[in-house]
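Comments concern the structure below.
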Amino acid sequence: MWTNPLITDSVSRSVSENTDSRQSMEVRHCNYTEMGYDIRKDSRVRIVARAFAVLSVLGLLPKREVSFVFAFSDIEMHDRAVPMVTFQRGKAAKRLIRVPMHDQLDGSWSRQVEQLVIGHESAWPFERKRGRTAFWRGTDSSVPALDCDAFKHRACFVNNETARYFPRLNLPRLSLTKPRRIDARLSGVKPRSSNIGMDQVYRQLGVLERHPRDWTIQEQLQRRFLIDVDGSSQSTRLYWALLANSVVLKQDTTNCNWYSDRLRKHLHFVPLRSDLADLPRQVSRLLLRPSLARSIARRSTAFARRWLSHEDAMHYLARVLNAIEESQRPL
1 MWTNPLITDS VSRSVSENTD SRQSMEVRHC NYTEMGYDIR KDSRVRIVAR AFAVLSVLGL
61 LPKREVSFVF AFSDIEMHDR AVPMVTFQRG KAAKRLIRVP MHDQLDGSWS RQVEQLVIGH
121 ESAWPFERKR GRTAFWRGTD SSVPALDCDA FKHRACFVNN ETARYFPRLN LPRLSLTKPR
181 RIDARLSGVK PRSSNIGMDQ VYRQLGVLER HPRDWTIQEQ LQRRFLIDVD GSSQSTRLYW
241 ALLANSVVLK QDTTNCNWYS DRLRKHLHFV PLRSDLADLP RQVSRLLLRP SLARSIARRS
301 TAFARRWLSH EDAMHYLARV LNAIEESQRP L
């Protein structure tokens with residue numbers, strides 16, 4: 001049994017507009033993960049199933065049976081023949097219903113990150129943070145290896161000419177030309193890429209750190225300006241970067257997640273062009289207007305605290321499921 005064809009992303013928009021974290025106190029403190037978060041394992045199916053089980057125990061699931069298709073991939077870019085529930089969707093798609101990412105439904109991960117970031121704030125208030133440059137470290141998750149789709153990617157090989165097509169390579173290359181405004185490097189290479197020697201290509205391009213390592217969230221929290229660039233989908237870092245009392249400079253993207261519609265440009269983040277060409281200018285603007293930078297950092301943190309906690313994510317998921325159930329009721 002499929003979902004009602006009349007269900008569209010308006011379900012997510014309706015839930016977003018009518019969800020208030022202050023109404024979700026009954027969902028607080030539900031620790032449901034069996035093994036915790038492990039980035040080396042794809043535990044998203046178990047996490048989502050556990051979230052459903054917790055909502056059921058709390059009496060927050062629909063009373064009637066609900067049928068729907070759930071996509072466990074990072075993102076679905078295009079509409080399907082039937083409405084589908086997904087973590088993220090392409091902005092052009094209209095029949096995909098967004099729910100929180102699996103990591104935010106994982107209480108052991110999201111609470112740990114939230115406590116870490118908020119606890120770090122007292123030691124590193126905005127005025128003490130390091131930064132006259134915008135900072136980024138990450139992996140090459142958006143760069144195709146042997147799995148290149150010629151219809152999806154503008155190039156299926158990486159060299160000095162094509163690197164600009166991949167944001168996570170273009171950003172470090174831009175940093176090489178504007179080191180006083182941008183501090184960005186690849187800090188890791190995905191195994192599928194290193195297996196075919198891409199790490200050596202990255203070294204030749206100058207985009208890989210000399211000694212690649214995992215940068216802890218604590219280290220990144222010390223930076224005043226944080227860059228958010230898409231990987232295979234919208235990055236996980238966006239959640240904690242918004243919470244971090246730093247200024248988020250966010251690349252324009254074709255993707256959207258469960259809270260994208262609530263974010264406001266120049267209020268919660270500084271927008272960047274998809275090719276990142278305006279990044280140096282935006283950093284200079286923030287340096288010239290420190291009061292604006294403080295305001296954006298303060299507002300993004302307030303937004304994340306109010307709307308993006310684990311409990312808020314669980315409450316949002318429950319609202320989506322109940323909205324789907326309501327749409328399936330016979331007329």
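full-length UniProt numbering numbers the first residue of the sequence shown as 1 and each following residue consecutively. Ideal placement from N, C-alpha and C gives every residue a C-beta, glycine not left out.
Check                                                                                                                                                          : Outcome
May I ask you to report which of helix, strand or coil DSSP gives R264?                                                                                        : coil
Would you kindly work out how many angstroms separate the C-alpha atoms of F87 and L331, rounded to a whole number?                                            : 29 Å
May I have the straight-line CA-CA distance separating G206 from D199, to the nearest angstrom?                                                                : 10 Å
Looking only at its chain, what residues have a beta carbon closer than 8 Å to the beta carbon of F269, apart from the 5 residues adjacent to it on each side? : D228, L242, V247, V248, L249, K250, L263, I296 and S300
Would you tell me roughly how many angstroms separate the C-alpha atoms of R319 and P100, rounded to the nearest one?                                          : 11 Å
CA-CA distance, R210 and D183?                                                                                                                                 : 14 Å
Do the stretch 131 to 142 and the stretch 212 to 232 touch if we need at least three Cβ pairs shorter than 8 Å?                                                : yes
Sort D278, E326, H310 and R306 by Cα distance to A51 and report the nearest one.                                                                               : H310
Is the separation between the beta-carbon of G231 and that of S175 shorter than 7 Å?                                                                           : no
Do you know how far the Cα of I75 is from the Cα of A313?                                                                                                      : 17 Å
Can you grab the Cα-Cα spacing for the pair F323 / I196, in whole Å?                                                                                           : Reading off the sequence, residue 323 comes out as Ala, not Phe. C-alpha separation (whole angstroms): 46 Å.
Could you give the residue range of the alpha helix (DSSP H) that holds F303?                                                                                  : P290 to W307
Just to confirm, is the Cβ distance from K178 to P280 under 7 Å?                                                                                               : yes
When we look at the beta-carbon of F72 and count the other beta-carbons within 10 Å, is it buried (16 or more) or exposed?                                     : exposed
With DSSP run on the structure shown, which of helix, strand or coil describes D79?                                                                            : coil
Check whether the Cβ atoms of R223 and G131 lie closer than 7 Å to each other.                                                                                 : yes
Closest by CA to D106, which one among E325, L208, E219 and I47?                                                                                               : I47
Between the Cα of D79 and the Cα atoms of E326, R95, K91 and Q112, which residue gives the shortest distance?                                                  : R95
Identify the continuous beta strand (DSSP E) that holds M84 and give its terminal residues.                                                                    : M84 to T86
Tell me the residue span of the alpha helix (DSSP H) that contains A53.                                                                                        : R44 to V57
Tell whether a beta-carbon distance below 7 Å holds between P172 and R192.                                                                                     : no
In terms of alpha-carbon separation, which member of A293, V82 and S67 lies closest to E325?                                                                   : S67
Closer than 6 Å by C-beta to L55: which residues in its own chain qualify, once you throw out the five before and the five after it? Chain order, please.      : L61 and A318
Using the Cα positions of Q266 and E65, report the straight-line distance between them to the nearest angstrom.                                                : Reading off the sequence, residue 266 comes out as His, not Gln. Going from the Cα of H266 to the Cα of E65 covers about 43 Å.
Express the C-alpha separation of W307 and D127 in angstroms, rounding to a whole number.                                                                      : According to the sequence provided, residue 127 is Glu. The question's Asp does not apply to it. Between E127 and W307, the C-alpha separation is close to 25 Å.
With DSSP run on the structure shown, which of helix, strand or coil describes T216?                                                                           : coil
Just the C-alpha distance for M77 and F225, rounded to the nearest angstrom, thanks.                                                                           : 29 Å
Would you decide whether T253 is buried or exposed? Buried here means 16 or more other CB atoms lie within 10 Å of its CB.                                     : buried
Can you tell me where the alpha helix (DSSP H) with P167 in it begins and where it stops?                                                                      : P167 to T177
I need the straight-line Cα distance from V69 to A49, nearest angstrom please.                                                                                 : 14 Å
So, helix, strand or coil for L272, using DSSP?                                                                                                                : strand
Taking L58 as the reference, give the member of Q115, H315 and Y165 with the closest Cα.                                                                       : H315
When the Cα of A304 is compared with those of I118, L292, N255 and R294, which residue comes out closest?                                                      : I118
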